[in-house]
Each structure stands twice: as structure tokens, then as C-alpha cells.
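Participant:
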Amino acid sequence: FDILVGLPIPWTINILMAISGEGVPHVGISSPFLFFYVVLLLFMVFLTICSIHFLGWRLNRRLGAIMAALYGLFLAVALTTEFMRPHWLMWGKTGGIVDPCG
């Protein structure tokens with residue numbers, strides 16, 4: 008649902024507003040933790056595949072509980088990172104990603 012509706016609708020609205028002159032022509036990414044989030048997501052994909060493998064490639068309640076726990080873990084780590092803003096996780100010389108559009 009998120010990929011089919013949650014992403015394209017807001018992007019389409021933004022593009023249409025930019026064409027009409029009311030919107031922003033680009034969306035800048037301003038989190039200095041972008042590299043950390045990519046690594047975290049890849050790690051979560053690895054854990055997801057491992058959990059599916061170890062449960063015999065069958066969808067059951069235990070796997071559902073593991074998926075919910077992994078999602079909760081991801082949210083906890085991502086929100087803690089954004090709110091606590093640890094400097095040792097910041098990437099780059101300026102502590103952030105430079106927006107090439109602006």
C-alpha cells in the first residue's frame with residue numbers, strides 16, 4: 008500500500024504544484040544520518056531473510072511476531088537516532104548530506 012499509494016500520490020501532487028509554480032521543484036534530503044539509515048535498512052533486510060529462512064520459509068504467527076518486532080526495532084532505532092542526534096553517526100565533513108539542487 009505504501010509503495011503503490013503512499014509514495015506516488017504525494018510526489019505527483021508536488022510535481023503538479025511545481026509545474027504550476029506553487030510547489031518546490033525538488034525535495035532535499037537534510038538528514039545527516041542518511042548513510043546510517045541505508046546500512047540499517049540493509050541490516051533489517053538481512054534479518055528478515057534470515058528469520059524467514061530459519062522458520063522454514065513458511066508464514067505463521069511466529070514469523071508475523073518476528074516481523075512486527077523487527078519493525079518496532081527499526082522504528083525505535085530510527086526515532087532515537089533522529090531525536091538524540093549522536094554525532095558519531097553523522098556522515099561527511101559538515102555532518103550532513105549536501106543538497107545538489109540548492
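Per the working numbering, the very first residue in the sequence shown carries number 8; after that it's consecutive. Virtual Cβ for every residue (Gly too), placed ideally from N, Cα, C.
Within 10 angstroms of the Cβ of M97, are there 16 or more other Cβ atoms? Answer buried if so, exposed if not.
Facilitator: When all chains shown are included, M97 counts as buried.
Participant: Pair every Cβ in the stretch 65-83 with every Cβ in the stretch 13-26, then say whether three or more of these pairs are closer than 8 angstroms.
Facilitator: Because the criterion of three Cβ pairs below 8 angstroms is not met, the stretch 65-83 and the stretch 13-26 do not touch.
Participant: Could you compute how far the alpha carbon of I20 sits from the alpha carbon of G63?
Facilitator: Approximately 43 angstroms, taken between the alpha carbons.
Participant: Determine the burial state of F53: buried for a count of at least 16 other Cβ atoms within 10 Å of its Cβ, exposed for fewer.
Facilitator: The residue is exposed, with fewer than 16 neighbouring Cβ atoms inside 10 Å.
Participant: Taking a contact to mean a Cβ-Cβ separation below 8 angstroms, would you say L48 touches V84 in this structure?
Facilitator: Cβ atoms of L48 and V84: not closer than 8 angstroms.
Participant: Compare the beta carbon distance of F40 and T87 with 8 angstroms and say whether it is the shorter of the two.
Facilitator: Not in contact: F40 and T87 (Cβ atoms no closer than 8 angstroms).
Participant: Which two residues bound the contiguous alpha helix (DSSP H) that contains P39?
Facilitator: Here P39 belongs to no alpha helix (DSSP H), and DSSP marks it neither H nor E.
Participant: Only counting the same chain, and skipping five residues up and downstream in sequence, which positions put a Cβ closer than 7 angstroms to that of R69?
Facilitator: Hits under 7 angstroms: L62.
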